[in-house]
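Encoded as structure tokens, the structure appears first; notes follow it.
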Amino acid sequence: MLLTVLRRTAVFVASIVAASVLVFLFMAVLPGDAAEVSLGTNATPEAVAAVRAEFGTDRPLPTQYVDWAGGLLTGDFGRSLISRESVTAQISDRLQVTMILVFAAMVVSLLIALPLGTLAAARHQRGSGLALSGVSQLGAAVPAFLAGILLVALFSVTLGWFPSSGWTAPDDDFVGFLRQLALPAISLGLVEGAVLTRYVRSAVLEVLREDFLRTARAKGLTRSQALVRHGLRNAAIPVVTVLGLQLAALLIGAVVIERVYVIPGLGSLLLDGVSSRDLLLVQGVVMVLVVAVLLINYVVDLLYTVIDPRLRGS
Amino acid sequence: MSTGVAGMAPDVQEPAVVATPRRRRPMTPSMRIGLTLVGLIALLALVSFVWTPYDPTAIDADARLTGSSASHILGTDKFGRDVLSQIMWGARTTLFVGVVAVGVAALLGTPLGVLAGMAPRGVDQFIMRACDLLLAFPALLLAIMFGAVFSASTLTAMLAIGLATVPAFARIARGGTLQVVRSEYVLAARSAGRSRWAIARRHVLPNIAPLLIVQSSVAFGIAVLAEAALSFLGFGTKPPNPSWGRMLQESQETLHSTPMLSVWPGLAIALAVLGFNMLGDGLRDRFDPRLDDRR
Numbered sequence: 000m001l002l003t004v005l006r007r008t009a010v011f012v013a014s015i016v017a018a019s020v021l022v023f024l025f026m027a028v029l030p031g032d033a034a035e036v037s038l039g040t041n042a043t044p045e046a047v048a049a050v051r052a053e054f055g056t057d058r059p060l061p062t063q064y065v066d067w068a069g070g071l072l073t074g075d076f077g078r079s080l081i082s083r084e085s086v087t088a089q090i091s092d093r094l095q096v097t098m099i100l101v102f103a104a105m106v107v108s109l110l111i112a113l114p115l116g117t118l119a120a121a122r123h124q125r126g127s128g129l130a131l132s133g134v135s136q137l138g139a140a141v142p143a144f145l146a147g148i149l150l151v152a153l154f155s156v157t158l159g160w161f162p163s164s165g166w167t168a169p170d171d172d173f174v175g176f177l178r179q180l181a182l183p184a185i186s187l188g189l190v191e192g193a194v195l196t197r198y199v200r201s202a203v204l205e206v207l208r209e210d211f212l213r214t215a216r217a218k219g220l221t222r223s224q225a226l227v228r229h230g231l232r233n234a235a236i237p238v239v240t241v242l243g244l245q246l247a248a249l250l251i252g253a254v255v256i257e258r259v260y261v262i263p264g265l266g267s268l269l270l271d272g273v274s275s276r277d278l279l280l281v282q283g284v285v286m287v288l289v290v291a292v293l294l295i296n297y298v299v300d301l302l303y304t305v306i307d308p309r310l311r312g313s
Numbered sequence: 000m001s002t003g004v005a006g007m008a009p010d011v012q013e014p015a016v017v018a019t020p021r022r023r024r025p026m027t028p029s030m031r032i033g034l035t036l037v038g039l040i041a042l043l044a045l046v047s048f049v050w051t052p053y054d055p056t057a058i059d060a061d062a063r064l065t066g067s068s069a070s071h072i073l074g075t076d077k078f079g080r081d082v083l084s085q086i087m088w089g090a091r092t093t094l095f096v097g098v099v100a101v102g103v104a105a106l107l108g109t110p111l112g113v114l115a116g117m118a119p120r121g122v123d124q125f126i127m128r129a130c131d132l133l134l135a136f137p138a139l140l141l142a143i144m145f146g147a148v149f150s151a152s153t154l155t156a157m158l159a160i161g162l163a164t165v166p167a168f169a170r171i172a173r174g175g176t177l178q179v180v181r182s183e184y185v186l187a188a189r190s191a192g193r194s195r196w197a198i199a200r201r202h203v204l205p206n207i208a209p210l211l212i213v214q215s216s217v218a219f220g221i222a223v224l225a226e227a228a229l230s231f232l233g234f235g236t237k238p239p240n241p242s243w244g245r246m247l248q249e250s251q252e253t254l255h256s257t258p259m260l261s262v263w264p265g266l267a268i269a270l271a272v273l274g275f276n277m278l279g280d281g282l283r284d285r286f287d288p289r290l291d292d293r294r
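Protein chains in written order, with numbering that gives the first Met the number 0: chain A, 0 to 313; chain B, 0 to 294.
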């Protein structure tokens, strides 16, 4: 068990180092450099040289990388090329908003997928089970931003129940916060919930055919009791893996949803950085998102080992 | 399978057994619906090469936001452009991006997967860890990075979607290859002195082709979603070329007065994704022998 954890941790750390090299090289080896790109085509050579000296981009690439990566380790992402503000401060402000959105969407997605997926599996030979499968298939084909636009059209424009855009911090006005969080979280969670429903359905269906469940029923448990006591833990193994993928997908999906609802999260910061050609900011946000995806995969790997004892020795 | 814009993470399920043509089953309803929807989108795209009701980029100030009428079946947008014509051109854009992105993914991912499956353990591990690393860069993020460094365009979107889908193809190809190389006929071919290259070409690729076809359909659905999301964010197809994602983005401004402008491109995206997903499911039912036990 310990060896497995150590091995996976080593892979995780190596992946972060490799990802940081990729992100750094991608942003560094571009036509021109960050200073030229941020100043535009009309910049004088003196102005470009001044910015290069200020941000250290006139130094050799390995030195720049070591400096940047060393900064990442201490939580210093450098300064924005445009606003000259700390990138770390901007990221940490926006990350909180995105995390709230992603976790709210995950809750919505689980609230949809767990009951519907289990129901669709338990009734897979009946019309209601087939109908649920059809709805989840349809839901999985709808992009989150389309769901967002349609929800705004219905609940904001037509019914006026929720605001169509904006963000209120929970400390300022909790009810206002919940009202503004509702539609973005549902847009993001609805679609992922539809995808997750299909996985829950097939995982539960798989478990329903297992011998141990038949044995449990032979010992006098009802179908539901057998499923809850013995089936759900086994059905959780594939679902946890997919949940990890879904969490990473929600994080990336939040980039689009933040644009639809004008939410000041990490995605908006990234898109603003691209618009203003602030490559150091973009580099920092991309790195945070990539590390988050790697971290999620790592945690899922570990959870997978905890849930399924057969994998501990492998 | 994982879809959703959010769900751009490619399907990474590894195949258990490689199917052969003898084991194919008749078309399932899922496959029929998928084929019909995909056929419809392809037909729209093909017809757009020879005919559209109007020039999809032609601005008509007198016919702005008309709504559905006899002259404009799906209405017009805020510039007076015909929505049906734009949807037809958008189908072309969607299919073009899908074909190129899936082509890039298959052309890079398949050889990598076959190589990983046939090469010594060290090479195999290196390729698969590199694929794992690439999975940490979803299509949307890659496209935004491309957009930050180069100018965002259809080309950068296609490349980003293609690169992000490489690991899925590599994993499928590797899984299939590992099974084929353990078969007796490959052992016989090795004993007869055939080179690895000849075995890969003659035995591995034809046997894993059905798996790759299934994966292509799944990846196509993901590519359609990704292209729409990127165009929606301004990192995909640039104006004036019509694209469903950008139509949706532009429709946000007129959501209060003409919500139907969001419905048509939204419906087109959802039906295209549904079509490719169902086709992928149908193809998997047809080719994946593991499903025999589950019927």
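Ideal placement from N, C-alpha and C gives every residue a C-beta, glycine not left out.
In whole angstroms, what separates the C-alpha of Asp334/A from that of Gln179/A? This structure cannot speak to residue 334/A, because chain A is shown only from 0 to 313.
Near Ser215/B, what residues of its chain come up, given a Cβ to Cβ distance below 7 Å and the 5 sequence neighbours on each side ignored? Val101 and Ala105
DSSP puts Thr75/B in a beta bridge; with which residues? Beta-bridge partners assigned by DSSP to Thr75/B: Asp81/B.
For Glu257/A, count the other beta carbons within 10 Å of its own beta carbon; 16 or more makes it buried, fewer makes it exposed. Which is it? buried
Under 9 Å by beta carbon: chain A residues contacting Phe219/B: By Cβ distance, chain A contributes nothing, its closest Cβ being about 12 Å from Phe219/B, past 9 Å.
How many Å lie between Ser186/A and Gly147/A at the Cα? Near 5 Å, if we compare the C-alpha coordinates of Gly147/A and Ser186/A.
Give me the chain A residues within the contact set of Gly146/B, using Cβ-Cβ distance strictly less than 8 Å, ordered along the chain. Val273
Alpha carbons only, please: which of Phe145/B, Leu107/B, Ala227/B and Met157/B is nearest the one belonging to Phe168/B? The closest CA to that of Phe168/B, considering only Phe145/B, Leu107/B, Ala227/B and Met157/B, is found on Leu107/B.
Under 7 Å, CB to CB, which of the residues in the stretch 218-244 of chain B have a partner in chain A? The residues in question are Leu224, Ala227, Ala228, Phe231 and Leu232.
Tell me the rounded alpha-carbon separation between Val16/B and Arg181/B. For Val16/B, the predicted model reports a pLDDT of 49, less than 50, meaning its position is unreliable; a value from the coordinates is still stated below. Near 12 Å, if we compare the C-alpha coordinates of Arg181/B and Val16/B.
Under 8 Å between C-beta atoms of Ala244/B and Ala267/B: In the sequence as displayed, the identity of residue 244/B is Gly instead of Ala. Contact flag unset, no.
Going along the chain, which unbroken runs of the alpha helix (DSSP H) with 4 or more residues stay wholly within the stretch 148-223 of chain B? Along the stretch 148-223 of chain B, the alpha helix (DSSP H) occurs as fully enclosed runs of 4 or more residues at 153-180, 183-190 and 195-198, listed in sequence order.
Check whether Leu246/A and Leu80/A have beta carbons under 8 Å apart: no
For Ser84/B and Val12/A, what's the separation of their Cα atoms in angstroms? CA-to-CA, the gap between Ser84/B and Val12/A works out to about 51 Å.
Does the beta-carbon distance from Ala199/B to Met87/B come in below 8 Å? No. Outside cutoff.
Let me check one thing: in DSSP terms, what residues is Ser275/A bridge-paired to? Ser275/A pairs with nothing; no bridge assigned.
Of all the CB atoms in chain B, is at least one closer than 8 Å to the CB of Leu137/A? yes
Closer than 6 Å by C-beta to Arg294/B: which residues in its own chain qualify, once you throw out the five before and the five after it? Chain order, please. The predicted position of Arg294/B is uncertain, since its pLDDT is 43 and thus under 50; no value can be drawn from it.
Cα-Cα, which of Pro44/A, Leu242/A, Val259/A and Ala215/A is closest to Glu107/A? Reading off the sequence shown, one finds Val at residue 107/A, where the question assumed Glu. It is Leu242/A.
Counting pairs of beta carbons, one from the stretch 49-64 of chain B and one from the stretch 117-133 of chain B, are three or more of them closer than 8 Å? no
Could you confirm whether any beta carbon from chain B is found closer than 8 Å to the beta carbon of Val156/A? yes
Which residues in the same chain as Phe144/A place their Cβ atom closer than 6 Å to its Cβ, once the five residues preceding and following it in sequence are excluded? Val255 and Val259
Between the C-alpha atoms of Gly188/A and Val238/A, what's the straight-line distance to the nearest angstrom? 16 Å
Within-8 Å CB hit, Val272/B to chain A: So, interface residue.
Length of the line joining the Cα atoms of Ala8/B and Ala69/B: Reliability fails at Ala8/B, whose pLDDT of 41 lies under 50, so the model's placement of it is uncertain and the value that follows must be treated cautiously. About 42 Å.
Using a Cβ-Cβ distance cut-off of 8 Å, determine whether Met26/A contacts chain B. Interface residue, yes.
Which one or two residues does DSSP pair with Arg78/A in a beta bridge? Looking at the DSSP output, Arg78/A bridges to Ser85/A.
Is the Cβ-Cβ distance between Asp131/B and Ser14/A less than 8 Å? yes
is_contact[His255/B, chain A] using C-beta, thresh 8 Å: For His255/B, the answer is yes, since a Cβ of chain A falls inside 8 Å of its Cβ.
Length of the line joining the Cα atoms of Ile90/A and Phe219/B: 34 Å
How about Leu273/B and Ala52/A: do their beta carbons lie closer than 8 Å? no
Is the shortest distance between the beta-carbon of Ile268/B and the beta-carbons of chain A less than 8 Å? yes
Nearest-angstrom Cα distance between Arg367/A and Arg232/A? Beyond the ends of chain A as shown, which are 0 and 313, falls residue 367/A; an answer cannot be given.
Buried or exposed (CB count within 10 angstroms, at least 16 for buried), Gln124/A: exposed
Could you name the residues of the same chain whose beta carbon sits closer than 6 Å to that of Thr56/B, not counting the 5 residues immediately before and after it, in chain order? Pro239
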